[in-house]
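A.B. asks: Numbering (this note's numbering), first residue to last: 18 to 86.
Next up is a structure, given as structure tokens.
Structure (structure tokens):
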């Protein structure tokens, strides 16, 4: 869609954001959308997103996420 304000993951390369975690991202001024792949057994250190909310949609496999304390 030439000239469209919308974007797609098509043609976006994955890049490592942590060991075992790869991301493809599209973003605008107000919204960030990432397609994330976790290698089996990957653990990401506890962290927070101070000024944003995080929503996850699991489309394959499973994971455990800790929210709050």
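Virtual Cβ for every residue (Gly too), placed ideally from N, Cα, C.
The structure presented is a predicted model; accordingly, all values stated were derived computationally and were not measured.
(1) When the Cα atoms are used, what is the spatial distance from residue 82 to residue 23?
(2) Would you mind working out which of 64, 85, 80, 68 sits nearest residue 48, comparing C-alpha positions?
(3) Taking residue 35 as the reference, which of 66, 54, 74, 76 has the closest Cα?
(4) If residue 28 and residue 40 are in contact, beta carbons under 8 Å, what's the gap, nearest whole angstrom?
(5) In terms of residues, what are the limits of the beta strand (DSSP E) holding residue 39?
C.D. replies: Short version:
(1) 30 Å
(2) 68
(3) 54
(4) Contact flag wrong, Cβ pair sits at about 15 Å.
(5) Where residue 39 is concerned, the enclosing beta strand (DSSP E) stretches over 38-44.
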